[in-house]
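See structure below.
2 protein chains.
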Amino acid sequence: MTFSVTILGSNSALPTTKRYPTAQVLNVSERFFLIDCGEGTQLQLRSNKIRFSKINNIFISHLHGDHVFGLIGLISTFGLLGRTKELHIYAHHDLEKILRPQIDYFCNDLKFTTVFHHLNTKEPEQIYADKVVTVTSFPLKHRVPTCGFFFREKQKAPNIRKEAISKYNLGIADIVKIKNGEPHFDENEIQIAPSELTIPPPSPRSYAFCSDTGYNPAMVPVIKNVDLLYHEATFADEHKDLAKKTTHSTARQAASIAKEANAKKLILGHFSSRYDDLSGLLEEAREVFPNSYLVNDGDVWDIAAGR
Amino acid sequence: MTFSVTILGSNSALPTTKRYPTAQVLNVSERFFLIDCGEGTQLQLRSNKIRFSKINNIFISHLHGDHVFGLIGLISTFGLLGRTKELHIYAHHDLEKILRPQIDYFCNDLKFTTVFHHLNTKEPEQIYADKVVTVTSFPLKHRVPTCGFFFREKQKAPNIRKEAISKYNLGIADIVKIKNGEPHFDENEIQIAPSELTIPPPSPRSYAFCSDTGYNPAMVPVIKNVDLLYHEATFADEHKDLAKKTTHSTARQAASIAKEANAKKLILGHFSSRYDDLSGLLEEAREVFPNSYLVNDGDVWDIAAGR
Chain L
1 MTFSVTILGS NSALPTTKRY PTAQVLNVSE RFFLIDCGEG TQLQLRSNKI
51 RFSKINNIFI SHLHGDHVFG LIGLISTFGL LGRTKELHIY AHHDLEKILR
101 PQIDYFCNDL KFTTVFHHLN TKEPEQIYAD KVVTVTSFPL KHRVPTCGFF
151 FREKQKAPNI RKEAISKYNL GIADIVKIKN GEPHFDENEI QIAPSELTIP
201 PPSPRSYAFC SDTGYNPAMV PVIKNVDLLY HEATFADEHK DLAKKTTHST
251 ARQAASIAKE ANAKKLILGH FSSRYDDLSG LLEEAREVFP NSYLVNDGDV
301 WDIAAGR
Chain V
1001 MTFSVTILGS NSALPTTKRY PTAQVLNVSE RFFLIDCGEG TQLQLRSNKI
1051 RFSKINNIFI SHLHGDHVFG LIGLISTFGL LGRTKELHIY AHHDLEKILR
1101 PQIDYFCNDL KFTTVFHHLN TKEPEQIYAD KVVTVTSFPL KHRVPTCGFF
1151 FREKQKAPNI RKEAISKYNL GIADIVKIKN GEPHFDENEI QIAPSELTIP
1201 PPSPRSYAFC SDTGYNPAMV PVIKNVDLLY HEATFADEHK DLAKKTTHST
1251 ARQAASIAKE ANAKKLILGH FSSRYDDLSG LLEEAREVFP NSYLVNDGDV
1301 WDIAAGR
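Protein chains in written order, with our numbering: chain L, 1 to 307; chain V, 1001 to 1307.
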């Protein structure tokens, strides 16, 4: 059961020859969630061998060009590929106003519907749920209304111990009840300890995407104990003032959020093009939160299924 | 004095890992003319080390996404780079209607003006001229109004022979007159043969861009004797019917146009993604017009200054 994020673009506004603007794909058990869609996202999806037909939900953090300019090209290509499945886009309500005329002009023979879901940029809100995962949006602190996204696997039911099936003569109906957490009794009406019957399920894995944002501890309760945190780190300490002015974060501030949130791992991206060498950003982050890493386009960050 | 075209993207609508959608830059004596602007054009400009500040004129053949989706990102980046110079875009009049709201929303602090020039898609028209080059648009045959572009150096004045300056005691005023083609007389009022005084200037070089279009001999008079012809070749002979249906060309049809126009060299692009191996298209073109070539992204096709 995969839970991994592929980095399609990791630069800030100005793309470089090495880094595309922001886009990522989270793979949760072969459900592919696209997060942000900078220019060239469809090219990067191809380069990273991610099938277009697997993408049904797109989450857009905010309406700055480097996070959205790839949308119209992707939608157009979906059309050329004969897509018929609904496409869901979660974004600030202005996106629909901006994108609809483009879709109507350039993609007038689409055989699928694009459904826009308007984000609540004021407070956290669960915006998506299926059998295996939930997605919660939460406000970030940027120059325009911006949301982060918290993806979390649903708690799975416990697994029945094989040996318990014969020992206690369990039928299908018993198994369903036990997996649902109902008590089970033996023939003498004595309750059997759940640990005799079941193996606890793996802990749900979680991923948080936080870009673009200034230092914003208000989000910590939402992403508490997250397994993998992606946080923007546009600037190094030496440009702290610029970070504040443009409501971006330094690598150190990103690390502070990871520490406060008790994240297990921090990955950093959205780097300013001014840094040829990013090792300084990594060092500054690791002084606060040792388990920090810089991302590159094409990276796959996997969270193994745990217990 | 450079006259060369750099291929930034050479695929048809569906981009691949090897080919971006359509975009080219023509360099005429360090004037850089961008022709079409598919998604990722700004990334390809960077990869090909073409300075953004050198681009002041953009020519858009038609309003299909694979020829225009890169515009908003490029304009946005111009803004981030602090551009102040006017940007001129030559395109079907609908482009302004589509692009203005995006510019207003995403690039609201631009320090430069974007000037839209509406193409005449019914007949050939000179749309640009400066000291060294003219650009003429002309109708192509496609599903939406589409123009090709013919770039031609202006005829240069002849060069004065060094030996003639002392032999005939030429002053600045004489030289200006002679270069302007006025007759020059010696002290005995006898006209000196122009060949005694001047070396003929190099022939003006020319480039024609024809994409997207079905087979369209109507354009031949406009591009007659062109030095370098780029013509779309979306399909091979075996898909001739599909070419007709979608108003695209086969490689053979492109070669026929090159032959009829007495072009010196033909370069082919805008290939359908269905062909893994394009050698068949090249063979079919060369049967009609031997001096045919397939382009790749990153190619620079240079026309040397001749006599």
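Where is the CB? At the ideal position from N, CA and C, for every residue including glycine.
Taking the beta carbon of Gln-42 of chain L as reference, the chain V residues within 8 Å of it are Pro-1015, Glu-1039, listed in sequence order.
Proximity of the region 151-158 of chain L to the region 62-69 of chain L falls short of the contact definition, fewer than three beta-carbon pairs being nearer than 8 Å. Neighbours of Leu-119 of chain L in chain V, taken as residues whose beta carbon is under 7 Å from its own, are absent, since the nearest beta carbon is some 17 Å off. Identification of residues in the region 46-61 of chain L having a C-beta nearer than 7 Å to some C-beta of chain V yields Arg-46, Ser-47, given in sequence order. Distance from the CA atom of Ala-23 of chain L to the CA atom of Leu-268 of chain L, rounded to whole angstroms, is 13 Å. Under a criterion of Cβ atoms nearer than 7 Å, the residues of chain L adjacent to Phe-1069 of chain V are, in order, Ile-72, Gly-73. If you draw a straight line from the Cα of Ile-1060 of chain V to the Cα of Leu-1281 of chain V, it is about 26 Å long.
Considered as a whole, the region 86-111 of chain L harbours 87-91 as its complete beta strand (DSSP E) runs of no fewer than 3 residues, in chain order.
Among the residues of chain L, those whose CB is under 7 Å from the CB of Thr-1077 of chain V are Leu-14, following chain order.
Residues of chain V with a Cβ closer than 9 Å to the Cβ of Ile-98 of chain L are, in chain order, Pro-1101, Gln-1102, Tyr-1105, Phe-1106. Annotation: Cβ neighbours of Leu-1080 of chain V in chain L (cutoff 7 Å, chain order): Ala-13, Leu-14. At least one C-beta of chain L is nearer than 8 Å to the C-beta of Gly-1065 of chain V.
Ile-1035 of chain V counts as buried, since at least 16 other C-beta atoms from the protein chains shown sit within 10 angstroms of its C-beta. Under the DSSP assignment, Gln-1024 of chain V falls in the beta strand (DSSP E) whose first and last residues are 1023-1028. When beta bridges are read from the DSSP output, Lys-179 of chain L appears opposite no residue. Shown here, Gln-253 of chain L sits in a helix according to DSSP, grouped into three states. In this structure, Ala-258 of chain L sits away from Phe-209 of chain L, with a CB-CB distance that is not shorter than 8 Å. Within its own chain, the residues whose Cβ lies closer than 8 Å to the Cβ of Phe-112 of chain L, once the five positions on either side in sequence are excluded, are Phe-78, Gly-79, Arg-83, Thr-84, Lys-85, Glu-86, Leu-87, listed in chain order. Shortest Cα-Cα distance from Pro-1021 of chain V to any of L:Thr-198, L:Leu-74, L:Asp-104 involves L:Leu-74.
DSSP places Lys-154 of chain L in the coil class of the three-state scheme, outside both helix and strand. If you ignore the 5 residues before and after Ser-53 of chain L, its C-beta comes within less than 8 Å of the C-beta of Leu-81, Arg-83, Lys-85, all in its own chain and listed in chain order. A direct Cα-Cα distance of roughly 7 Å separates Val-1295 of chain V from Ser-1010 of chain V. Between Lys-264 of chain L and Asp-227 of chain L, the C-beta gap is smaller than 8 Å, which places the two residues in contact.
Between Val-1028 of chain V and Leu-1008 of chain V, the C-beta spacing is not below 8 Å. The Cβ atoms of His-118 of chain L and Ser-211 of chain L lie no closer than 8 Å to each other.
Per DSSP, reduced to three states, the secondary structure at Thr-1136 of chain V is strand. Around Lys-224 of chain L, the same chain offers Ala-261, Asn-262 as residues with beta carbons nearer than 7 Å, after the five sequence neighbours per side are excluded. For Leu-229 of chain L, the closest of L:Thr-134, L:Ala-243, L:Glu-30, L:Arg-205 by C-alpha to C-alpha distance is L:Arg-205.
Around the beta carbon of His-1093 of chain V, fewer than 16 other beta carbons lie within 10 angstroms, which makes this residue exposed. DSSP places Asp-66 of chain L in the uninterrupted alpha helix (DSSP H) bounded by 65-68.
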